[in-house]
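Residue numbers (my numbering), protein chains in the order written: chain X, 19 to 199; chain Z, 16 to 435. Glycine included, C-beta positions come from ideal geometry on N, C-alpha and C.
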Amino acid sequence: MPGQVIRVKRREKLGWLERSYVPMLVQGLAVTARHFFRNLAGFVTGRRRDFVVQFPEERIDHPDAFRGMPVLVALEDGRPRCVACGLCEFACPTKCIDIVPAELPDSPVERTPAVFDIDMSRCMFCGLCEESCPEEAIVMSQEVEIAGFDRSSMLFTMEQLLVPEAMLDRRLRFLRREYER
Amino acid sequence: MAEDLRSRTESSLTERVPDTAEDDLGSDLHTAHQRLNMGPSHPATHGTVKFLIELDGESIVDLDVQVGYLHRGFEKECESRSWYQAIPYTDRLNYNSALMANVGFCLTVEKLLALETPERCQWLRVLASELSRVGDHLTRCGATCLELQAMTPFLYGIEARELIWDLQEALCGARVTSNYVRIGGVRHDLPDGFGAVCRDNLARIRELLADFDSVVTRNRIFVDRLKGTGILSREDCIAYAVTGPLLRAAGVPLDLRKSEPYLCYEELDFDIPIGEVGDNYDRYLVCVEEMNQSLRIVEQCLRRLEMMGQGPVDSTDPRVRWPAKNRVFDGMEEMIQQFKSVTEGPRVPAGEAYGATESANGELGFYLVSDGSQKPVKVRCRPPSFANLQPLSRMVKGGLLSDLIPTFDLVNMIGGECDR
């Protein structure tokens with residue numbers, strides 16, 4: 019096993035000049051000025067290196083793996099792809115998903131959720147529902163702006179959760195790439 | 016103790032005003048110790064903790080640390096869920112370096128299962144752990160500067176941490192609550208183009224660390240506040256079971272990554288920094304050097320992962336492996352297995368195991384007991400912050416009240432981890 023124990027160098031002995039605070043004052047000004055001008059140049063040239071996001075005019079583009087709020091995939095006819103099997107309900111550590119199944123006549127899948135509620139005030143965005151779903155029906159979106167004024171507004175019903183499949187294309191493509199690995 | 020101090024105060028006063036009886040103010044002066052409650056929510060203690068301080072003027076006579084304000088029953092929560100459902104909760108232990116708690120918990124479960132993980136998974140776990148170690152130390156050093164009224168180095172530290180969290184987001188899907196490690200594997204492999212972005216960010220982090228160093232390390236104000244304050248001797252460290260940078264700052268070269276290598280730390284080249292006296296200045300220097308070493312490890316991991324080429328990141332053991340998703344969609348057998356995996360979770364053989372990892376604060380241990388069912392019988396977490404916080408009163412006793420601030424910051428007590 020290479021590597022060794024090294025003793026850190028204590029650089030605590032200060033000369034009389036350093037004890038007068040002046041060199042550090044100058045150095046501190048130099049460092050902060052360098053940062054200031056570099057950030058300013060970034061603003062002017064449009065190649066910014068600072069992290070400030072001018073929300074809501076600007077929004078962060080999250081990476082593919084990002085887990086936002088869980089949503090339901092809606093098929094082309096607006097119906098959820100979910101077959102109300104209840105696996106996500108099982109997998110959810112906080113038990114924030116509530117499903118009531120119903121029958122779906124004249125369809126090969128036969129089942130559909132009558133109620134699909136997610137209590138977003140309890141959801142911890144862990145993504146286990148997505149991982150457990152055998153139908154690719156619940157996925158983590160990029161959506162994170164879900165603030166509300168009271169607790170009841172944090173209970174998301176199926177209508178609020180349904181998102182057309184085309185809008186979730188990025189996430190679905192990411193997931194499918196993961197399956198193949 | 017109190018009388019001692021009173022007589023000391025009196026004698027120092029009589030020294031200043033000697034002899035003549037009418038000038039001897041000290042004998043009439045009524046001095047008493049003051050009790051001060053600091054916290055539980057105090058701007059200088061970024062962690063919900065309360066100190067009951069007995070003060071003699073400005074110096075600390077006695078200090079009592081009262082923890083538990085962030086207790087939320089982590090252990091019980093894990094015991095009422097199946098094994099894999101406990102992983103998101105370990106994110107919430109030390110929220111500065113969630114990944115290391117993920118790794119620690121899963122390693123212990125794997126110990127119970129006697130499970131081998133693929134090589135690529137191990138390197139990914141080390142990469143993720145070391146990234147979050149840098150993030151944790153950056154927060155610790157940055158916050159120390161902030162509380163010593165140096166806003167600029169704090170912002171540089173946070174800027175560097177932002178770069179780490181960007182990498183973590185690309186890797187795990189979340190900036191703080193990673194939920195990345197799985198029993199027998201990890202959630203994702205490296206995303207495309209991760210290596211280039213990571214190297215770019217590491218170079219910028221090094222730049223920021225250099226700026227941080229140039230503003231602070233030889234600054235007289237900083238040195239005066241840290242030098243010789245909060246000293247904890249080597250013997251005391253061992254007696255109080257202190258681990259991590261605090262122990263190494265006192266000169267004990269104990270690092271679990273070296274002494275009991277887990278994952279692939281044995282193959283990595285890194286040094287262990289130690290200090291001399293064990294004061295706050297040593298702690299700061301040890302943390303800075305550990306960041307440099309961790310950055311070295313990250314680079315080695317990246318090189319290794321790129322050399323290795325694509326490969327499995329999950330164990331193939333049917334006890335813990337969930338079936339491949341694309342087969343679940345149209346295979347009946349896999350579908351049934353998926354239902355069983357999710358609803359029952361892995362059945363861990365009866366027994367007990369203790370797994371310790373070197374987290375950013377020190378030894379993070381998990382003691383797990385299983386009776387062979389779907390849920391753990393006992394999940395006990397040995398948080399490094401809790402042990403490290405114990406000798407705080409010993410560190411600050413006799414010192415000034417203002418020395419408590421940098422001492423507490425460099426102990427880096429994380430409420431979520433300490434109180435569980």
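Item, Value
"Shorter than 7 angstroms, the distance from the beta carbon of Z:ARG176 to the closest heavy atom of the ligand COA, or not?", "The ligand COA is not part of this structure, which contains no ligands at all."
"For Z:ARG176 versus Z:GLU184, is the C-beta distance shorter than 8 angstroms?", "no"
"How about Z:CYS187: is its C-beta nearer than 8 angstroms to some C-beta of chain X?", "yes"
"Since Z:ASN52 sits in a beta bridge, which residues does DSSP pair it with?", "Z:LEU67"
"Can you name the start and end residues of the alpha helix (DSSP H) that X:MET158 belongs to?", "Note, X:MET158: premise wrong, no alpha helix (DSSP H); beta strand (DSSP E) at 156 to 158."
"Could you list the residues in the segment 71 to 98 of chain X with a C-beta less than 8 angstroms from some C-beta on chain Z, going in chain order?", "HIS80, PRO81, ASP82, ALA83, PHE84 and ARG85"
"Measure the C-alpha to C-alpha separation of X:GLU76 and X:GLU163 and round it to an integer number of angstroms.", "14 angstroms"
"Starting from X:THR50, find everything on chain Z with Cβ-Cβ shorter than 7 angstroms and list it in chain order.", "THR167"
"Rounded to a whole number of angstroms, what is the C-alpha to C-alpha distance between Z:GLY54 and Z:VAL64?", "6 angstroms"
"Can you find a CB in chain Z that lies within less than 8 angstroms of the CB of X:VAL44?", "no"
"Mind checking which residues open and close the beta strand (DSSP E) that includes X:CYS141?", "No beta strand (DSSP E) contains X:CYS141, which DSSP labels as neither H nor E."
"For Z:LYS273, is the classification buried or exposed, using 16 other Cβ atoms within 10 angstroms of its Cβ as the cut-off for buried?", "buried"
"By Cβ distance, which residues of its chain are closer than 6 angstroms to Z:GLY370, with the 5 residues on each side in sequence left out?", "LEU122, THR123, LYS126 and PHE381"
"How long is the line joining the alpha carbons of X:PHE167 and X:PHE174, rounded to whole angstroms?", "14 angstroms"
"When you compare each of Z:ALA339, Z:ARG409 and Z:CYS156 to X:ARG195 by their alpha carbons, which one comes out closest?", "Z:ALA339"
"Taking 8 angstroms as the threshold (C-beta atoms), are Z:ASP181 and Z:SER408 in contact?", "no"
"Counting only beta-carbon atoms, is Z:ALA36 nearer than 8 angstroms to chain X?", "Low confidence applies to Z:ALA36: its pLDDT is 49, below 50, so where it sits in the model is not reliable enough to give any reading."
"Rounded to the nearest angstrom, what separates Z:SER400 and X:LEU58 at their Cα positions?", "41 angstroms"
"Rounded to whole angstroms, what's the CA-CA distance from Z:ALA17 to Z:GLU73? Just pull it up for me.", "Note that Z:ALA17 scores 47 on pLDDT, short of 50, meaning its location in the model is unreliable; the coordinates nonetheless yield the value given after this. Distance between the alpha carbons of Z:ALA17 and Z:GLU73 is about 14 angstroms."
"Would you kindly work out how many angstroms separate the C-alpha atoms of Z:GLY172 and X:CYS103, rounded to a whole number?", "47 angstroms"
"For a minimum of 3 consecutive residues, which ranges assigned as the beta strand (DSSP E) are wholly contained in the segment 325 to 389 of chain Z?", "366 to 374 and 377 to 385"
"Mind checking who Z:CYS396 pairs with in its DSSP beta bridge?", "Z:PHE381"
"Exposed or buried, what is Z:ALA36 when buried is set at 16 or more other beta-carbons lying within 10 Å of its beta-carbon?", "Summary for Z:ALA36: the model assigns pLDDT 49, below 50, so the residue's position carries little reliability; its value from the coordinates is reported in the next sentence. Exposed, by the Cβ-count rule."
"Could you give the residue range of the alpha helix (DSSP H) that holds X:VAL49?", "40 to 63"
"Beta carbons nearer than 7 angstroms to chain Z: which residues of the segment 25 to 38 of chain X have them?", "ARG25, VAL26, ARG28, ARG29, GLU30, LEU32, GLU36 and ARG37"
"Beta-carbon separation of X:MET176 and X:LEU90 under 8 angstroms?", "yes"
"Rounding to the nearest angstrom, what Cα-Cα distance links X:GLY64 and Z:LEU217 in this structure?", "23 angstroms"
"Among the candidates Z:THR422, Z:GLU131 and Z:ASP434, whose CA atom is the shortest distance from the CA of Z:GLU162?", "Z:THR422"
"Within 10 angstroms of its Cβ, does Z:ASP418 collect 16 or more other Cβ (buried), or is it exposed?", "buried"
"Determine the closest residue to Z:PRO276 out of Z:VAL196, Z:HIS48, Z:LEU85 and Z:VAL141, with distance taken between C-alpha atoms.", "Z:VAL141"
"List the endpoints of the continuous alpha helix (DSSP H) containing X:ALA165.", "It is not in any alpha helix (DSSP H) - X:ALA165 carries neither H nor E in the DSSP assignment."
"When the Cα atoms are used, what is the spatial distance from X:LEU193 to X:LEU179?", "19 angstroms"
"Quick one: measure Cβ to Cβ for X:PRO111 and Z:ARG362, integer angstroms, because I've assumed they're closer than 8 angstroms.", "Contact flag wrong, Cβ pair sits at about 18 angstroms."
"Who are the neighbours of Z:GLY290 on chain X, taking C-beta pairs under 9 angstroms?", "ARG25, VAL26 and ARG28"
"Three-state secondary structure (DSSP) at Z:GLU282?", "helix"
"Between Z:TYR299 and Z:LYS242, is the Cβ-Cβ spacing less than 8 angstroms?", "no"
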